[in-house]
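In this note's numbering, the protein residues as written are 6 to 288.
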């Protein structure tokens with residue numbers, strides 16, 4: 006019978022650990038603080054922001070939100086980020102992306118202090134990951150996927166893992182994380198020849214294509230473990246993952262649902278990094 010790998014138990018366990026770490030910091034008169042920087046008032050951003058603020062409140066993390074108008078310039082954003090870099094009360098900074106087209110996101114990536122970069126957008130943080138240094142701040146979504154596998158006792162050493170995503174945000178960082186566990190990652194993409202054969206022959210299949218219910222039984226076997234990171238809408242407006250969950254939930258060995266899987270852990274990892282940033286600063 007297929008085991009459904011739900012994210013809530015993973016997030017709940019992480020939150021308890023975060024609360025303990027926050028209490029330890031507060032015992033030293035230190036207070037982790039997250040500053041959210043938002044350009045404009047996109048409803049999706051505001052909804053996500055509300056969830057972050059609520060979670061921070063429950064975990065004892067202080068928060069502030071800085072909103073800048075849609076017409077803000079790159080120079081003004083750099084000035085803001087530099088002021089946050091210099092503010093000792095701010096542990097971590099989360100800049101909502103994408104930014105407006107007239108704002109140079111590459112400049113902003115480099116302007117943010119990598120030690121406050123909880124979303125891991127600064128190239129220096131990615132460079133650490135590619136050097137297999139996970140001691141500082143890391144990309145939240147790949148780490149969330151790793152935490153889910155760890156929580157459910159999925160042994161990665163010696164296993165072949167097909168990662169269907171090659172982006173700097175997810176595919177490449179998680180390949181480095183998998184290598185650190187002595188797994189054998191295979192990075193796949195839209196040009197991969199005989200993709201279904203690659204995924205069928207893998208022990209674990211991690212999909213992050215953003216193509217609703219596109220991964221069916223032709224991609225996997227009854228022994229496959231499917232970690233679904235994709236999120237998109239179907240023709241009926243229903244939100245789901247890359248995996249055809251209805252077809253696979255009674256077929257594969259293990260599978261994460263969407264929603265309710267990796268995504269529900271990602272925000273918790275993001276907030277854990279606020280605490281980690283505070284700990285590192287005052288180590």
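All residues carry an ideal CB built from backbone N, CA and C; glycine is no exception.
Collapsing the DSSP output to three states places residue 261 in coil. Cβ neighbours of residue 235 within its own chain (closer than 6 Å, five residues either side excluded): 212, 213, 214, 215, 246, 247. Taking the Cα positions, residue 65 is about 16 Å away from residue 41.
Annotation: residue 82 to residue 113 spans about 7 Å, alpha carbon to alpha carbon. In summary, residue 98 is buried, with 16 or more beta-carbon neighbours lying within 10 Å of its beta-carbon over all protein chains present.
Partner residues in the beta bridge of residue 191, as assigned by DSSP, are 167. Residue 36 sits close to residue 67, with the two beta carbons spaced by under 7 Å. Distance check between residue 255 and each of 275, 240, 231 places 231 closest, using alpha-carbon atoms only. Residue 29 sits in a helix when the DSSP states are folded into three classes.
Per the Cβ contact rule, the stretch 270 to 284 is in contact with the stretch 13 to 26 (3 or more Cβ pairs under 8 Å). In the DSSP assignment, residue 100 falls within the unbroken beta strand (DSSP E) covering 97 to 100. Within the same chain, 204, 205, 210, 231, 253, 256, 257 come within 8 Å of residue 225 by CB-CB distance, once the 5 residues on both sides are set aside. Inside the stretch 63 to 101, DSSP marks whole beta strand (DSSP E) runs of 3 or more residues at positions 67 to 73, 97 to 100, from first to last along the chain. In the DSSP assignment, residue 122 is bridged to 98.
For residue 217 and residue 188, the gap between their C-alpha atoms comes out near 27 Å.
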